[in-house]
Amino acid sequence: MTASTAATANGTTSSAGNAPAQADRTINFRIKRCDGPGKPSRWETFAVPVGRGANVISCLQQIAARPVTTEGTRTTPVVWDANCLEEVCGACTMVINGKVRQSCSALIDTIAPREGDTVSLEPMTKFPIIRDLWVDRARIFDNLKRVKAWVPIDGTYALGPGPRESADSQTTRYILSTCMTCGCCMEACPQFLIAENEHEWETAFIGAQAISQARLFNMHGTGKQLKGDRLDALMGPGGITDCGNAQNCVQVCPKEIPLTESIGVIGRAATVHAIASWFSGR
Amino acid sequence: MADTDGFLERHHFLLRRLHSLTGIAPISLFLMFHLTTNASIVWGRLAGHDGLTGADAAVGTFQHEVNFIHSMPMLLLIEIFGLWLPIGFHAVLGVAYALGGKNNTTQYAYQANRRYALQRLSGYFGFLFIFYHVATLRWGWTFLVPGGTQWTGEHAASTMAAAIRGSAEGFTAAGMIVAIFYMVGVSLLVFHLANGLWTSAITWGLTTTEQAQKRWGHVCTAIGAGLMLAAWSSVIGFATLDYDAARAVELGLQGAEHAPEPASEVMPGMAAKEIDETETGG
Amino acid sequence: MAQQRVIVVGGGLAGLAACIRIAEAGHTIDLFSLVPVKRSHSVCAQGGINACNEVARQQGYSEYEHFDETIYGGDFLADQHPVLEMANWAPKIIDLLDRMGVPFNRSAEGFRDLRLFGGSLFKRTHFSGATTGQQLIYALDEQVRKLEAEGKVTKYESWEFLAPVLTDEPRCVGIVAQDLRTMQTRAFRGDAVVMATGGAGMVFGKSTNSVICTGAALSRCYQAGVAYANPEMTQVHPTAIPGADKLRLMSESARGEGGRIWVPRKQGDTRPATQIPEAERLYFLEEKYPDYGNIVPRDIATREIFDICVNQGMGINGENQVYLDLTHMDPDYLTSKLGGIMEIYEKFVGDDPRHEPMKIFPGVHYSMGGLWTQYVRGNYAPSEPQPAHVSGTTPACDTEVGRGMLLGAPTNMMTNIEGLYAFGEVNFAFHGANRLGANALLSCIFDGLFSGVSVANYLDNGTPSTAPAESISAGVFEQAVAAEDAKLKAIFETATGGEASDETNPYIIGREMGEEMTAAATVVREEARLEQCRGKIAELRDRCTRLKLADGATWTNQALSYARSLGDMLVIAEAMVSGAVLRQESRGAHYRSDYPDRDDERFYKHTYAMFDHGTGNARIEHIPVQADLVAPRARTYGEVTEDDENETTTPETASAGA
């Protein structure tokens, strides 16, 4: 086949990937900025030319290259957290037009369809701010430790396959396992509040994410060995009982994980666990 | 886990579940019973009572039911341990729990989230209302009743009507406020009950799937609608009661059911007199 | 003995697998990552992970054939022993991942489901929906979280690796890193350092890579004296969806599950795809490669799509795009097998690929090249290289551990600097000139698990056992930190005074670098254009010395971090282009229109680049490929050429597996 591909001396056509559509309109970005923890917040507005297919990330990239506000003031590039840009890593979560979501999948044509529309960007409010739109979500990962969100394996030596599993069970586990720890469910939860200090994490509400992860690992053939530990953790302060059933979590979850079902399932397990523990004297 | 810290932490799960449990039984059960009883002021018209018909029959039925309750042995003990303490427990913990959340219905105007917010609001308001209701009618804190009506078990319907209208003769301005307060109070409590039933099914793990939660939601809506009807008809029934006719029926019943006692002639008369005095005085 | 510590840089599959294995061997680890490790770029891998399995085995497949396919797919540029060992380990790795709870798709009976993937006629790819990489890294992340809770691993997330700390020998005894929030730089002592920092897609501007895949860590090692092998080998994935900020991958599994690539037969046909009848569609891959069809290896599919669009002008509506069509398949089946990528297409393009053919075009995807590493051969040593393996025949060797590489040899996957290892995509081994789909996840985890043992043994028996990093004088570390601080200060000071212009704007320089690299050094390369590119890079590097920072903050200064990485990216861009200029042949992903054929005579060799501090450019030699196991053969994938319409090179037994 090699012979069939002719040389293209003109570099512009030998490229892989397409150039984005040309900008055909301008929209405004209102961005809530903050220089660091404890510093005051301020709003800055930027006019950004956008074309078809633009998203919040591509606009932030443009602002970074030309950080000049609509008033003509030169400012610093906006700081934000991002990585995969295809909504699987969870990094670029922020509050866009008042609602929490990933900025990579926030397409401008959808969120600001007309010329001159304004998009507002704010950092998540339930996690301590680092700078501008970047917040510290270490607590979510800490929560995973609280519920021992892992399968206790004996080690990495070859010990044969894992437990057999039905396709149905796999389907349920897979959906739960697509959770990318983005924090949307916590940001939107009226029961989940910011906890600046690490020592508060142990007793503050853990949020739907960790509850759902506990369900995921309780379902696994080997993972269920820690079921009791997980339920004990979730039955303490800040656990499953602190859920207020506002169910915002399931509404804002970008992966459409059935979080409220997980809450019900863990609620049931906790009920059974409490009764069983009482009767078995534990 | 910080589970060994204090009593509240150690018994976190138990307290939470007791909070939920007291909401269902005895409080919800009592409220259902109470509202159905009170609604007899309307549906009693259909039933007839000891040869009475129409509104008179309703007054009779209601009076009969009140008499039945008042004839229960150890009524005060039942009230204290079956009602006031559970309600107090549910309310105090409920307020404490509710203060641990932060409404966000403006940003996330989902239906379940609005119910979450309303559940808390109805809890606060409902507790105030119950307190007023019990204090004025049961404990005799007549200084809180416009017109100062003292509700009595012997003249259950008529004194009730006078208490929420502000006078035996009809609505006063203050009475109107009381009537509206009653209307709002019972409505919020019915909502609190129905929504509480719905969330408790998730809490206890009865409804674990979205489908089940939906189905149970329909049942709770139906229960709520039925109770709402009972609640509204009770309040409207008392608010529109023919005072004099009701009084006549009540006196007649006393003659029929008990040997006439001199005191029973005096008591209602005194109450009526007091009303007259305050009426003229105010 | 002082407490020994291992430093792992990078928290993707390779880094996490290394942590697990090294911790298991009893050592304590400091894990550095630019992002929380769970957000590493491994999450983007979609299609699956290859391994011989019982079904394929009974159809005539074997670990040995997996090895043979990988070598053939990589156009014979990989050292063969490590690849053999990897293929032999693959089934064990799948079992381990299964035990860790990875929700692999299941068959009706509850066994692990399998799918077809590029470069093979057997179903040998295990998968978890279309987000396999995500599921695998989550499983490893969970195991590392357990180790973290047990105190065996300490995570330094949002820390950037700046340089290895080397003694005069040289030996690697630690790293200098910077906290991206506080901007504090400090040295960390480590008896061994494992680089698991992934690929360098950002050098090409827009690619399928995540924004952290700059290759800066690789570049910093290279500048510190680590050899950079096969820098010119960059995989361009055939099916990506163009976006304003990146190119989003549409997994090869879309084709593995039955997706078909086509364009309208009539040039400039403006009808919507669904209205073009079957007969008027040109399934160019199926026509040209009757055996493999749409699942030819990536470099071939990419060049064919490129040829159809760029040379023949047959792209949809005359644009650079072709259809990737799944609409003939059951929508529910697609959701269960490919839900993850269906969702990406729907979210980012707005059409439902279950009912509308997807529009795709190639995009930069994977770096086969990387830090040069060594290994100790295993005990399989045929008297002479074997011919092509025929499916269904007895494999040339068994699957015993240690056939390809000696397990636990301290130098396995160690770079030319003692104590400095390279695992995963940043390691040049395993994939040669082109990586087969679903082999990347395997190579990353294999590196961590297999060579993790080597790291532990190096600590136990190597230099650190007698001269631990703790015993190295503090001056070495202080000096290394001072050197990095000086570099940072130089960039930082540009933030004050003077007006910013495109000329000195790091973001503009970065964009120009990406556009130039994509234009000159991707699908089709040619000497004059490469030289022009080299000139452009020199110009950009010059501008980089005068760049102006837009942010003077001493807290969480991302502009500073970007500017520093940019300089490092330009360094490896030069090596990539120089390597491409000097490789005057076409092999795998490296296609030279001026040298369209593979030239085993001159270039059956690795490009071995050392950074020259004098010129700031690569000093390149070519070193022989260690290829004693399989003899090179023409890489045709059964292509039907115009002169030879009836050619079939695939043995009959193989088709049984398809």
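If you're matching them up, the sequences are chains A, B and C in order. Read in order, the letters of the first sequence correspond to residues 23 to 304 in my numbering. Read in order, the letters of the second sequence correspond to residues 86 to 367 in my numbering. Read in order, the letters of the third sequence correspond to residues -2 to 655 in my numbering. Note that CB positions come from ideal geometry on N, CA and C, so glycine has one too. Here the structure is a predicted model, which means the values were calculated and not measured.
Q.
Against residue 279 of chain A, what residues of chain C qualify as contacts under a CB-to-CB distance less than 7 Å, listed in chain order?
A. Within chain C, no residue comes near residue 279 of chain A; the closest Cβ sits about 13 Å away, beyond 7 Å.
(Q) I'd like to confirm the pairing. Which residues does DSSP put opposite residue 4 of chain C in its beta bridges? (A) Per DSSP, C/27 and C/190.
Q. Going by other Cβ atoms of all chains shown within 10 Å of its Cβ, with 16 needed for buried, is residue 209 of chain A buried or exposed?
A. Burial call: buried.
Q.
So residue 197 of chain A contacts chain B; which residues on that side make the cut at Cβ distance below 8 Å?
A. The premise fails here: residue 197 of chain A is roughly 12 Å from chain B at the closest Cβ pair, so nothing lies under 8 Å.
Q. Between the stretch 204 to 217 of chain C and the stretch 527 to 536 of chain C, do at least 3 Cβ pairs fall closer than 8 Å?
A. Between the stretch 204 to 217 of chain C and the stretch 527 to 536 of chain C, the count of C-beta pairs closer than 8 Å stays below three; the two stretches do not touch.
Q) Does DSSP put residue 235 of chain A in a helix, in a strand, or in coil? A) Residue 235 of chain A falls in the helix class under three-state DSSP.
Q | Euclidean distance between Cα positions of residue 100 of chain B and residue 106 of chain B | A | Here the C-alpha atom of residue 100 of chain B lies approximately 10 Å from the C-alpha atom of residue 106 of chain B.
Q. Within the 9 Å Cβ cut-off, does residue 92 of chain B reach chain A?
A. When Cβ-Cβ separations below 9 Å define contact, residue 92 of chain B makes no contact with chain A.
Q | Contact list for residue 186 of chain A against chain C, beta-carbon separation under 9 Å | A | Per Cβ cutoff of 9 Å: 103, 106, 107 and 108.
Q) Among residues of its own chain, excluding the 5 on either side of residue 175 of chain B, which ones have a beta-carbon nearer than 8 Å to its beta-carbon? A) For residue 175 of chain B, where only same-chain residues beyond five positions count, the Cβ hits under 8 Å are 104, 107, 108 and 112.
Q: With 7 Å as the C-beta to C-beta threshold (strictly closer), list the residues of the stretch 190 to 205 of chain B near chain A in chain order.
A: So the close ones are 192, 193, 195, 197, 198 and 201.
Q) Once you ignore the five residues that flank residue 88 of chain C on each side, which residues in its own chain have a CB closer than 6 Å to its CB? A) The residues are 48 and 49.
Q. Just by C-beta distance, which residues in the stretch 205 to 239 of chain A are closer than 7 Å to chain B?
A. Close to chain B, meaning a Cβ-Cβ distance shorter than 7 Å, are the following residues of the stretch 205 to 239 of chain A: 210, 212, 213, 215, 224 and 225.
Q) Among C/10, C/558, C/455 and C/393, which residue has its Cα nearest to the Cα of residue 41 of chain C? A) Ranking C/10, C/558, C/455 and C/393 by Cα distance to residue 41 of chain C puts C/10 first.
Q. Roughly how many whole angstroms lie between the Cα atoms of residue 581 of chain C and residue 113 of chain A?
A. Cα to Cα, residue 581 of chain C sits roughly 42 Å from residue 113 of chain A.
Q) Do you know how far the Cα of residue 620 of chain C is from the Cα of residue 283 of chain C? A) Roughly 37 Å between the two C-alpha positions.
Q: For residue 121 of chain A, go through chain B and note every residue whose CB falls closer than 9 Å to its CB, in chain order.
A: Chain B residues near residue 121 of chain A: 192 and 193.
Q: Give the interface partners of residue 82 of chain C over in chain A, defined as CB-CB distance under 7 Å, in chain order.
A: In chain order: nothing, as chain A lies at least about 14 Å away.
Q) Cα separation between residue 188 of chain A and residue 239 of chain A? A) Those two C-alpha atoms are separated by around 16 Å.
Q.
Which complete beta strand (DSSP E) runs does the stretch 123 to 159 of chain C hold, if anything under 3 residues is left out?
A. Runs of the beta strand (DSSP E) inside the stretch 123 to 159 of chain C: 150 to 154.
Q. Taking only beta-carbon atoms, is residue 123 of chain B less than 9 Å away from chain A?
A. So, not an interface residue.
Q | Inter-residue spacing [alpha-carbon to alpha-carbon] between residue 502 of chain C and residue 322 of chain C | A | Going by the C-alpha atoms only, they are around 42 Å apart.
Q. What in chain B is Cβ-close to residue 257 of chain A, meaning under 8 Å?
A. Chain B residues near residue 257 of chain A: 97 and 98.
(Q) With H, G and I counted as helix, E and B as strand and the rest as coil, what does DSSP make of residue 472 of chain C? (A) Of the three classes helix, strand and coil, the one that applies to residue 472 of chain C here is helix, per DSSP.
Q) Measuring CB to CB, does residue 331 of chain C end up less than 9 Å from residue 300 of chain C? A) At the C-beta level, residue 331 of chain C and residue 300 of chain C stay beyond 9 Å of one another.
Q) residue 170 of chain B: which of B/212, B/118 and B/240 sits nearest, CA to CA? A) With distances taken between Cα atoms, residue 170 of chain B lies closest to B/212.
Q) Can you tell me whether DSSP reads residue 200 of chain C as helix, strand or coil? A) Here residue 200 of chain C carries a helix assignment [DSSP, helix/strand/coil].
(Q) Give me the subset of the stretch 61 to 72 of chain C whose CB atoms are less than 9 Å from a CB atom of chain A, sorted by chain position. (A) Cβ contacts with chain A come from no residue of the stretch 61 to 72 of chain C.
Q | Listed by chain order, chain A residues near residue 575 of chain C by CB distance under 9 Å | A | Think of a sphere of 9 Å around the beta carbon of residue 575 of chain C: no beta carbon from chain A falls inside it, the nearest being about 17 Å out.
Q) Would a check of beta-carbon distances place residue 53 of chain A closer than 9 Å to chain B? A) No, because no Cβ of chain B sits closer than 9 Å to the Cβ of residue 53 of chain A.
Q) Using a C-beta cutoff of 9 Å, does residue 295 of chain B count as contacting chain A? A) Chain A, which has a Cβ nearer than 9 Å to the Cβ of residue 295 of chain B, makes this yes.
Q) By DSSP, does residue 201 of chain A sit in helix, in strand, or in coil? A) In the three-state DSSP reduction, residue 201 of chain A falls in the coil class, being neither helix nor strand.
Q: Please classify residue 85 of chain B: does DSSP put it in a helix, a strand, or coil?
A: This structure leaves residue 85 of chain B out entirely; chain B is present only between 86 and 367.
Q: Could you check if residue 159 of chain B is buried or exposed, using at least 16 other CB atoms within 10 Å of its CB as the buried criterion?
A: Residue 159 of chain B should be labelled exposed.
Q: Report the neighbours of residue 306 of chain B on chain A: residues whose CB is nearer than 9 Å to its CB, in chain order.
A: The CB of residue 306 of chain B never comes closer than 9 Å to any CB in chain A; the least such distance is about 15 Å.
Q: Compute the Euclidean distance between the alpha carbons of residue 307 of chain B and residue 292 of chain B, then round it to the nearest angstrom.
A: Cα to Cα, the separation comes out at about 17 Å.
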